[in-house]
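Q:
In this note's numbering, the protein residues as written are 1 to 423.
#1: Just list the residues that DSSP pairs residue 431 with in beta bridges.
#2: Rounded to a whole number of angstroms, what is the C-alpha to C-alpha distance between residue 378 and residue 255?
#3: Look at the alpha carbon of residue 70 and the alpha carbon of residue 10, and state the distance between them as a whole number of angstroms.
#4: Can you check the region 45 to 79 for any alpha helix (DSSP H) of at least 4 residues that lies completely inside it and give the ranges in chain order?
#5: One question on the structure: do residue 328 and residue 361 come within less than 8 Å of each other, judged by their Cβ atoms?
#6: Count the other C-beta atoms from every protein chain shown that fall within 10 angstroms of the C-beta of residue 54, then say buried if there are 16 or more, exposed otherwise.
#7: Taking its Cβ as the centre, do 16 or more other Cβ atoms sit within 10 Å of residue 244, making it buried, or is it exposed?
#8: Of all the options 317, 307, 309 and 275, which has the alpha carbon lying nearest to the alpha carbon of residue 295?
#9: From residue 408 to residue 389, what distance separates their C-alpha atoms?
#10: Please tell me whether residue 272 has its Cβ less than 8 Å away from any Cβ of chain D.
#11: Taking all protein chains shown into account, decide if residue 26 is buried (16 or more other Cβ within 10 angstroms of its Cβ) or exposed.
#12: Is there contact between the region 181 to 196 and the region 224 to 242, where contact requires at least three CB pairs shorter than 8 Å?
#13: Is it the case that the Cβ atoms of residue 385 and residue 412 are separated by a distance below 8 Å?
#14: Determine the DSSP secondary structure at residue 186, reduced to helix, strand or coil.
#15: Quick check: what's the CA-CA separation for residue 203 versus residue 249?
#16: For the pair the region 129 to 136 and the region 16 to 30, tell me if three or more CB-CB distances fall below 8 Å.
#17: To which residues of the same chain is residue 372 closer than 6 Å at the C-beta, ignoring the five residues directly before and after it?
#18: Straight-line CA distance for residue 150 to residue 163?
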């Protein structure tokens, strides 16, 4: 196996197993930085070892063993960590036939999530720290997800780890009676994890399907864990399933973006859509709608339309109005502008977009000028549309989205040239 092949396997294994390895090392050592460093060293060792000796049958297990041994070696060499090593060594390994505790979640990653989402941490720190340690996102990727500078996010991550150590926040899933009050932070983590997969903040690919699948898997586990009275986790799961059901239709063979209106709906995963809608209907019958349930209802409106022209845009606009009262964020307002434009015409949508632009609240968000450009194009204001496409292109970080915006801009420039020739 050559270095390129080995690198591809290591990259794929990183996406699949990094979170598992870090979570297991944190449970083993109690040291967050050590866990991340040893996990990264294990992947570096794989890059050196696998080209010469081949990929092991169980790459994740190989990496976990290497990372665990590195961590224990580091602790042995550090005289100031002797007490910690003794504590780790004293922890009994569970017997192979030992029955798991039914009150515990049998997944280190969920234990990690609940620890990251401890109420002693600010909500932004909870989400960012979990995305960094569990999903292995870079600081830059997380910063783009939060729409903040990278340096700000780096400081936030450092402070969060320091807070966990100083406050002695336990690495565990909270007992059942404390779960409801801790759920919102975990849901925010899962939602951002899914969104990073659904629309990657950087790189060549439009989506990172493995992140979406991971978020769905963890959300399923959370729904199974929580009491039946908790409705928002089920709403989030329904939303993820509906969005992920369109994964095969969102880009072409070259990896270029296909917008919703142009997608081949026969490629949508109908069994997954049916599962999501059934879950959403059961959840809504409890009559305690929250933001995730409303977003799932919006996604269901799209999923139930067999043709783009059958979409119930007035209903979607009304649902976005309801969502704006529950979650009054500028991104929700931007999405509402899309629905209003489809229901009431591009002029109505453009007024809402211009209000948002004037507020400056989404100054670095490429989808605002991208939407403004599309509405201007539909209004046949081609020079203004071209300027907005250029602005969006300067802000977009994903290669697939940049190619889409570049094609749109080229269409505007071509139209301008034809108009000049006609004159």
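Cβ coordinates follow ideal geometry from the N, Cα and C atoms, glycine included.
A: According to the structure shown:
#1: Nothing can be reported for residue 431, as the shown portion of the chain is limited to 1 through 423.
#2: The count along the chain shown starts at 1 and reaches residue 378 at position 378. The count along the chain shown starts at 1 and reaches residue 255 at position 255. For residue 378 and residue 255, the distance between alpha carbons rounds to 25 Å.
#3: As a working mapping, residue 70 is identified with position 70 in the chain shown. As a working mapping, residue 10 is identified with position 10 in the chain shown. Going from the Cα of residue 70 to the Cα of residue 10 covers about 18 Å.
#4: 59 to 77
#5: Position 328 of the chain shown, counted from the first residue, corresponds to residue 328. Position 361 of the chain shown, counted from the first residue, corresponds to residue 361. Contact: no.
#6: Position 54 of the chain shown holds residue 54. Exposed, since its Cβ has fewer than 16 Cβ neighbours within 10 Å.
#7: Reading the chain shown from its first residue, position 244 is the one you call residue 244. Under this definition residue 244 is a buried residue.
#8: Walking along the chain shown from the start, residue 295 turns up at place 295. The shortest Cα separation from residue 295 among 317, 307, 309 and 275 belongs to 317.
#9: Mapped onto the chain shown, residue 408 falls at position 408. Mapped onto the chain shown, residue 389 falls at position 389. C-alpha separation (whole angstroms): 7 Å.
#10: The structure shown has no chain D; it contains just one protein chain.
#11: Counted from its first residue, the chain shown places residue 26 at position 26. The residue is buried, with at least 16 neighbouring Cβ atoms inside 10 Å.
#12: yes
#13: Translated into positions along the chain shown, residue 385 becomes position 385. Translated into positions along the chain shown, residue 412 becomes position 412. Yes, Cβ-Cβ distance for residue 385 and residue 412 is below 8 Å.
#14: Locating residue 186 in the chain shown gives position 186, where the first residue counts as 1. Helix at residue 186.
#15: One-based indexing of the chain shown puts residue 203 at position 203. One-based indexing of the chain shown puts residue 249 at position 249. For residue 203, the pLDDT reaches just 49, beneath the cut-off of 50, and the residue's location in the model is therefore unreliable, although a value from the coordinates is still provided. Using only the alpha carbons, I get a separation of about 19 Å.
#16: yes
#17: For the purposes of this step, residue 372 is identified with residue 372 of the chain shown, where counting begins at 1. Taking C-beta separations shorter than 6 Å and ignoring five residues to either side along the sequence, the partners of residue 372 in its chain run 353 and 388, following chain order.
#18: Walking along the chain shown from the start, residue 150 turns up at place 150. Walking along the chain shown from the start, residue 163 turns up at place 163. Approximately 20 Å, taken between the alpha carbons.
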